[in-house]
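Residue numbers (the working numbering): -6 to 52.
Pasting the structure below:
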């Protein structure tokens, strides 16, 4: 899964405000993560992308 700092960065994503969408995109594809963790990151990514779209459209 990569270097120790990279693992910590992925593990911390669910607990950070203003999550980095690129890091979430990376996290959903980390094969070492369990399906449950991958699903959690996928949910966070979907929510973050939904917020981003809403802000762009002015909603």
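The beta-carbon is built from N, C-alpha and C at its ideal position, and this holds for glycine as well. Since this is a predicted model, take the numbers as computed values, not measurements.
Classification of residue i by the beta-carbon crowding that lies within 10 angstroms, buried from 16 upward
i: residue 6; result: buried
i: residue 20; result: buried
i: residue 38; result: buried
Contact under 8 angstroms by Cβ, residue i with residue j
i: residue 2; j: residue 16; result: yes
i: residue 41; j: residue 14; result: yes
For residue i, three-class secondary structure by DSSP
i: residue 12; result: coil
i: residue 24; result: coil
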